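Asker: Sending over a structure as structure tokens; questions will come in a sec.
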Amino acid sequence: MLASLAGATRSPKPLPVPTRVGGFDGEAGFWRCVQDNDITAVLDATHPFAERITRRTARLCAERGMPYLRLDRPAWQPQPEDRWVMIQSEDQAAAHVGAGQVVFLATGRQTLERFAGLAVAQVIARVVDPPQSPFPFAGGRFEVGRPPFDVASEVALFQRLKVDWLVVKNAGGSGGWAKLEAARALGLPVLMLERPARPEAPVVETVAAALGWVRAL
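Here it is in structure tokens:
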């Protein structure tokens, strides 16, 4: 067994299995890793928005007949009190935000430049690690914070920053739910970025189901 992390976080939590960090340097590098580690099946548990990685991995496995399974946690669903506005791409956010409004981005640092249309607003982007480069557009700054976060601390943060809009990717799972509960408690509107389309491939929604697939190989 081998776990592979993309390396987007500088200090990831350790896993109880052998782990590699970083990209594969192309398709040939992926297959070298597979061969060097005697990999016979691939369980894809990447982030729901890691579209490029998922499409490539599913395609490569299909081409060589290697068993592949996607673990895709269920998407979040709005509750009656929520004020969600669904958007399909980052550039659609600007159509909903007024000049000078405070926007809290909880979407990660890798796609910040896609929100450049929000430059007329005051943008605060939460990141796990201290940034090593300036904010990619005017009117923005970073807020460093490492999860997990609870509802009370998220409420306090949004109040302190005087947030008008919360922007979130629909990643699903329990880890990011606190910010949505906080937004609900404060009556804040949420721009919810919908998930990208997935490749045609086997998929499960729970760890238990994924482990069952592994045991049946």
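Here the sequence shown stands for residues 803 to 1019, numbered as in the working numbering.
We put the CB at the ideal spot given by N, CA and C, even for glycine.
Every value quoted in this text rests on a predicted model; they were computed, and no experiment measured them.
#1: Assign PHE832 to one of three DSSP states: helix, strand, or coil.
#2: By the 10 Å Cβ neighbour count, where 16 or more other Cβ atoms means buried, how is ALA923 classified, buried or exposed?
#3: Quick check: LEU920 and ALA954, are their CB atoms within less than 9 Å of each other?
#4: Would you mind listing the alpha helix (DSSP H) stretches within the stretch 868 to 920 that are 4+ residues and don't spill past its ends, in chain order?
#5: What distance in whole Å lies between the Cβ atoms of GLY974 and PRO850, which are believed to be in contact at a cut-off of 8 Å?
#6: Which stretch, first to last residue, makes up the alpha helix (DSSP H) that contains GLN924?
#7: Give me the DSSP bridge partner(s) of MET994.
#8: Rounded to whole angstroms, what's the CA-CA distance from GLN881 to ALA987? Just pull it up for me.
#9: Just to confirm before moving on: does the CB-CB distance between LEU871 and VAL965 stay below 9 Å?
#10: Run through DSSP, which three-state label would GLU945 get?
#11: Which word fits MET803, buried or exposed, when buried means at least 16 other C-beta atoms lie within 10 angstroms of its C-beta?
#12: Rounded to whole angstroms, what is the Cα-Cα separation between ALA940 and ALA1003?
#13: May I ask you to list the residues that DSSP assigns as paired with ASP840?
Answerer: Inspection of the coordinates gives the following:
#1: helix
#2: buried
#3: Going by C-beta atoms, LEU920 is not nearer than 9 Å to ALA954.
#4: none
#5: 6 Å
#6: Segment 924 to 929 is the beta strand (DSSP E) holding GLN924; no alpha helix (DSSP H) there.
#7: In the DSSP output, where bridge partners are listed per residue, MET994 has MET888 and VAL970.
#8: 12 Å
#9: In this structure, the beta-carbon distance from LEU871 to VAL965 does not fall below 9 Å.
#10: strand
#11: Looking at its Cβ environment, which holds fewer than 16 other Cβ atoms inside 10 Å, MET803 is exposed.
#12: In this structure, the straight-line span from the alpha carbon of ALA940 to that of ALA1003 is close to 41 Å.
#13: Note: ASP840 sits in no beta bridge, so no partner.
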